[in-house]
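Residue numbers (this note's numbering): 1 to 278.
Inspection log for the structure reproduced underneath, given as structure tokens.
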């Protein structure tokens, strides 16, 4: 399987994992407040549905996407609210169906797009592989908000390696997005995988470092957990600062989660451990 096909499969699997949680929701579940202030589970799925649709638009109708980009640039806050209103007006069943149909269309668009091409987005243009990875990250992060809301547990999978990589590549953005100078040196990242292996990023000789479970790293850099509520270990001032302001996704600085808002209740469990192969 080539890289793009593998990424598309991982995106499909991440979307399906979230679908498995929300498919049994009743109306109360859909309308429960999530950890994202002012957002219910309906907002989370509506957000994914809209940006899945605009990702497809970027691939198949760049002129139409350019108009979306102009709207967003004029007033980002108003845009982020306005684009969700039609989706939030749907019934829960209609919203779920809209998200599902949009996912299928997006995956088909990715399959039809040649590797190596670049496509417009709300920030810099993106390669097809980067766009797939970004949609996976968004699905996982917003899925975490939904899972936290209803107390659902999610297995740790190898798909987090994609999110960890995009989070590391966003190191300069995390500082520049807050109008702060980007450090002259990076951070060595060493993360424990649920399989027992290790995922690494950055030169071995770097003085600053972050280590710990890959899930914790992804939770912190998608701003779904405060670093104090994880088992991550930082060494050096740059690493410590990065873990407080790091942001893997585009857009203005997110508020993140407060220290003490969450505590880890169970040890990491791999999907392989939950579903052993014969």
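Ideal Cβ placement from N, Cα and C applies to all residues, glycine included.
Quick caveat: nothing in here was measured; it's all calculated off a predicted structure.
Open item on the list: Any heavy atom of the ligand MN inside 8 Å of the beta-carbon of residue 29?
Closed with: Ligands are entirely absent from the displayed structure, and the ligand MN is therefore not among its contents.
Task: Distance between residue 183 and residue 235 (C-alpha atoms, nearest Å) - done: 15 Å
- [ ] Please confirm whether residue 11 and residue 193 have their CB atoms less than 9 Å apart.
- [x] no
- [ ] Using 10 angstroms around the beta-carbon of residue 219, count the other beta-carbons present and answer buried if the total reaches 16, otherwise exposed.
- [x] buried
Open item on the list: In the DSSP assignment, the beta strand (DSSP E) including residue 228 goes from what residue to what residue?
Closed with: That residue, residue 228, is in no beta strand (DSSP E); it is neither H nor E in DSSP.
Open item on the list: Please report the distance separating the alpha-carbon of residue 53 from that of residue 179.
Closed with: 31 Å
Open item on the list: Relative to the C-alpha of residue 48, which candidate in 251, 227, 15 has its C-alpha closest?
Closed with: 15
Open item on the list: Just checking: is the beta-carbon of residue 244 within a distance shorter than 9 Å of some beta-carbon in chain D?
Closed with: This model lacks chain D altogether; it includes just one protein chain.
Open item on the list: Please state whether the Cβ-Cβ distance between residue 170 and residue 246 is less than 9 Å.
Closed with: yes
TODO: Could you tell me the boundaries of the beta strand (DSSP E) in which residue 69 lies?
DONE: Element bounds for residue 69: not the beta strand (DSSP E) but the alpha helix (DSSP H), 62-74.
Open item on the list: For residue 132 and residue 248, which I take to be in contact (beta-carbon distance under 8 Å), what is that distance rounded to the nearest angstrom?
Closed with: In fact, because the Cβ distance is near 15 Å, the residues do not count as touching under 8 Å.
TODO: Could you please give me the residues that DSSP links to residue 113 through a beta bridge?
DONE: Bridge partners of residue 113: none, in fact.
TODO: Output the distance between the C-alpha atoms of residue 120 and residue 61, rounded to the nearest integer angstrom.
DONE: 10 Å
- [ ] Determine the direct distance from the alpha carbon of residue 128 to that of residue 5, and round the result to whole angstroms.
- [x] 11 Å
- [ ] Hey, could you find the ends of the alpha helix (DSSP H) residue 86 is sitting in?
- [x] 85-88
Task: Collapsed DSSP secondary structure at residue 139 in the structure displayed - done: helix
Task: Assigned exposure category for residue 196 - 16 Cβ within 10 Å defines buried - done: exposed
- [ ] Let me know the secondary structure DSSP gives residue 118 once reduced to three states.
- [x] strand
Task: Helix, strand or coil at residue 192 according to DSSP, with G and I counted as helix - done: strand
Task: As assigned by DSSP and simplified to three states, the class of residue 24 - done: coil
TODO: Would you mind reading off the limits of the beta strand (DSSP E) that contains residue 200?
DONE: 198-201
TODO: Kindly indicate the opening and closing residues of the beta strand (DSSP E) around residue 172.
DONE: No beta strand (DSSP E) holds residue 172; the alpha helix (DSSP H) holding it covers 171-176.
Open item on the list: Using the Cβ count rule (16 or more neighbours within 10 Å means buried), how would you classify residue 88?
Closed with: exposed
Open item on the list: Taking its Cβ as the centre, do 16 or more other Cβ atoms sit within 10 Å of residue 85, making it buried, or is it exposed?
Closed with: exposed
Open item on the list: What does the Cβ neighbour count give for residue 102, buried or exposed, with the cut at 16 atoms within 10 Å?
Closed with: buried
- [ ] Look up residue 158 in the DSSP assignment and say whether it is helix, strand or coil.
- [x] coil
Open item on the list: Could you give the first and the last residue of the continuous alpha helix (DSSP H) run that contains residue 182?
Closed with: Unbroken run through residue 182: none, as it is neither H nor E.
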